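This note's numbering puts the first residue of the sequence shown at 2, with every later residue one more than the last.
Built from N, CA and C at the ideal position, the CB exists for glycine as well.
All values reported here derive from a predicted model rather than from experimental measurement.
The block underneath contains the structure these notes are about, expressed in structure tokens.
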Amino acid sequence: MKRSNDPKPVQLEFEIDYRTQFNFIVNDQTFACILKDIANNDVNIVGLSTTKSRDKHNFIRLVAGTTESENKRDLKVVSEALESFDVSFKQETIIAILNIPAGIPGVFSRIFNCLWCKVEVKSIYLGEKDTIFISVSNIKKATEILSLENLEQCQNDC
Numbered sequence: 002m003k004r005s006n007d008p009k010p011v012q013l014e015f016e017i018d019y020r021t022q023f024n025f026i027v028n029d030q031t032f033a034c035i036l037k038d039i040a041n042n043d044v045n046i047v048g049l050s051t052t053k054s055r056d057k058h059n060f061i062r063l064v065a066g067t068t069e070s071e072n073k074r075d076l077k078v079v080s081e082a083l084e085s086f087d088v089s090f091k092q093e094t095i096i097a098i099l100n101i102p103a104g105i106p107g108v109f110s111r112i113f114n115c116l117w118c119k120v121e122v123k124s125i126y127l128g129e130k131d132t133i134f135i136s137v138s139n140i141k142k143a144t145e146i147l148s149l150e151n152l153e154q155c156q157n158d159c
């Protein structure tokens, strides 16, 4: 169904930064222990996405640090926590979109709809202080797209 009552878009102003995302799969008990270990080492988790599989395992995306930054210690604590529970994990650099003004409808739509036809969007989720975390197939190309003054939307029939 095509809708013609799309509101006129407001210019989005935000900052682009990069963070390290940890990807891993664990059961509930192991996940609880990993979270406890990270907390006991005074490391904050600024972004977290979990999805439960049919076999009751959790696919986790985790970003450590603060909204403003991550440091080597944050990453080391998370790596060591995962290793101490013999968890296989992958680290990847992802995009963090910061300082989006509150109360603007359609922010996720505008960000996703300027990317999906040009790069593969592997995940998009919300973190602390309304930070949007995005994992993409080509971080350089996605950064170029998001850095444009006007976010050009992908053609869509909806």
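Around the beta carbon of Cys-115, 16 or more other beta carbons sit within 10 angstroms, so the residue counts as buried. Asp-75 counts as buried, since at least 16 other C-beta atoms from the protein chains shown sit within 10 angstroms of its C-beta.
DSSP places Glu-84 in the uninterrupted alpha helix (DSSP H) bounded by 73 to 85. CA-CA distance, Asp-158 to Phe-90, rounds to 38 Å.
Here the C-alpha atom of Cys-34 lies approximately 42 Å from the C-alpha atom of Cys-155. Counting only runs that start and end inside the region 102 to 151, the beta strand (DSSP E) elements of at least 3 residues fall at 122 to 127 and 133 to 137.
In the DSSP assignment, Thr-52 forms a beta bridge with Phe-60. Taking a 10 Å sphere around the C-beta of Leu-63, we find 16 or more other C-beta atoms and assign the residue as buried. Taken through DSSP and simplified to helix, strand or coil, Asn-100 comes out as coil.
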